[in-house]
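Engineer:
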Amino acid sequence: WGKMVKNTLPDFQPYGFAGGFYDRYTGLVRFGARDYDPEVGRWTSKDPILFAGGDTNLYGYVANDPVNWVDPDGLRKNFVFQGGNLSFYGDAGELLFEGPAVSGPWGNGALPKGSYSVGGMRDGRSGSFACDGSNGYSLDLESRSPINRNLLRIHPDGGTPGTKGCVGVSCQNGAADALGEILRGIYNQPMTPWIDLDVR
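FYI, in this note's numbering the residues of the sequence shown are 11 to 210.
1) Only counting the same chain, and skipping five residues up and downstream in sequence, which positions put a Cβ closer than 6 Å to that of glycine 100?
2) Roughly how many angstroms lie between the CA atoms of leucine 189 and glycine 94, to the nearest whole one?
3) With 16 as the cutoff for other CB atoms within 10 Å, does phenylalanine 139 come out buried or exposed?
4) Give the straight-line distance between the Cα atoms of serine 144 and asparagine 118, rounded to the nearest whole angstrom.
5) Do the region 178-189 and the region 149-160 touch if we need at least three Cβ pairs shorter than 8 Å?
6) Thinking glycine 137 and glycine 169 are a contact (beta carbons under 8 Å), I'd like their distance in whole angstroms, please.
7) Whole angstroms is fine: what's the gap from glycine 195's alpha carbon to phenylalanine 31's?
8) If you follow the beta strand (DSSP E) that arginine 163 is part of, which residue opens it and which one closes it?
9) Please list, in chain order, all residues of the same chain as aspartate 33 whose beta carbon is under 7 Å from its beta carbon, the five residues on each side excluded.
10) With 16 other CB atoms within 10 Å as the buried threshold, where does aspartate 142 fall?
11) DSSP on glycine 190, reduced to helix/strand/coil?
12) Just to confirm my understanding: we take serine 153, look at its own chain, exclude 5 residues before and 5 after, and list those with CB closer than 8 Å. What are they?
13) Given this structure, state the Cα-to-Cα distance separating proline 171 from glutamate 108, to the nearest angstrom.
14) Determine whether the beta carbon atoms of valine 90 and isoleucine 205 lie at a separation below 9 Å.
15) How would you label tryptophan 11, buried or exposed, when you count the other beta carbons within 10 angstroms and need 16 or more for buried?
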């Protein structure tokens with residue numbers, strides 16, 4: 011992946027494999043947390059988050075699917091939704107949250123598998139975006155590959171259990187409220203965070 015056959019304008023395009031910065035002096039593609047060598051098709055070091063990336067190959071990248079998934083800083087994949095469970099990893103790959111969640115069965119069914127970018131946080135939501143007696147929230151989702159769906163979000167699974175395709179975090183045992191507090195701490199920082207969701 012990413013081996014350049016010939017470059018007639020080396021100063022024109024500074025980007026290499028998966029959007030990393032190509033260093034014409036070393037031939038490596040730099041991602042910040044680690045470098046990629048397109049000549050041999052391998053990373054020069056292990057993924058800094060080790061097994062928290064969900065891959066037993068520590069030299070892997072986005073489950074060997076760079077067309078549909080991205081890892082913009084070479085470090086993290088943040089939200090992972092798989093098998094009725096939502097996990098949220100921090101910048102260093104530490105597990106910040108893990109709890110039960112649902113997608114579907116209403117509307118067009120479950121959220122399709124793939125990679126999504128997570129938008130800003132809407133705080134103070136109510137109704138199906140909140141657990142009883144709690145301050146609700148939602149995060150907008152945008153698919154990285156074409157799907158014929160819109161209005162997709164991560165939010166508490168308030169009201170009738172299930173969603174119309176969003177990821178609904180369970181209100182049981184305070185799971186949705188706990189995630190909300192973590193997210194408020196992140197979104198109240200001066201810079202907007204870059205967060206992804208991988209649906210497996």
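Backbone N, C-alpha and C define an ideal beta-carbon position, used for all residues, glycine too.
Structural biologist: Judging by the given coordinates:
1) So the qualifying residues of the chain are Leu106.
2) Each residue's Cα considered, the two are about 16 Å apart.
3) Here phenylalanine 139 is buried: its Cβ has 16 or more other Cβ atoms, across all protein chains shown, within 10 Å.
4) C-alpha separation (whole angstroms): 28 Å.
5) Contact check between the region 178-189 and the region 149-160: fewer than three CB pairs, one atom from each, fall below 8 Å, which does not count as touching.
6) Going by Cβ atoms, the distance from glycine 137 to glycine 169 rounds to 7 Å, so yes, they are a contact pair.
7) Going by the C-alpha atoms only, they are around 31 Å apart.
8) For arginine 163, the enclosing beta strand (DSSP E) covers residues 163-166.
9) Around aspartate 33: Arg40.
10) By the neighbour-count rule (16 or more Cβ atoms within 10 Å), aspartate 142 is not buried but exposed.
11) In the structure shown, glycine 190 sits in a helix (DSSP, three-state: H, G or I).
12) Pro122, Gly124, Ser125, Tyr126, Arg159 and Leu162, listed in sequence order.
13) The alpha-carbon atoms of proline 171 and glutamate 108 are separated by roughly 19 Å.
14) No. Outside cutoff.
15) Unreliable positioning characterises tryptophan 11 in this predicted model, as indicated by a pLDDT of 48, which lies under 50. The coordinate reading is nonetheless provided below. Counting of Cβ neighbours within 10 angstroms places tryptophan 11 among the exposed residues, the total staying below 16.
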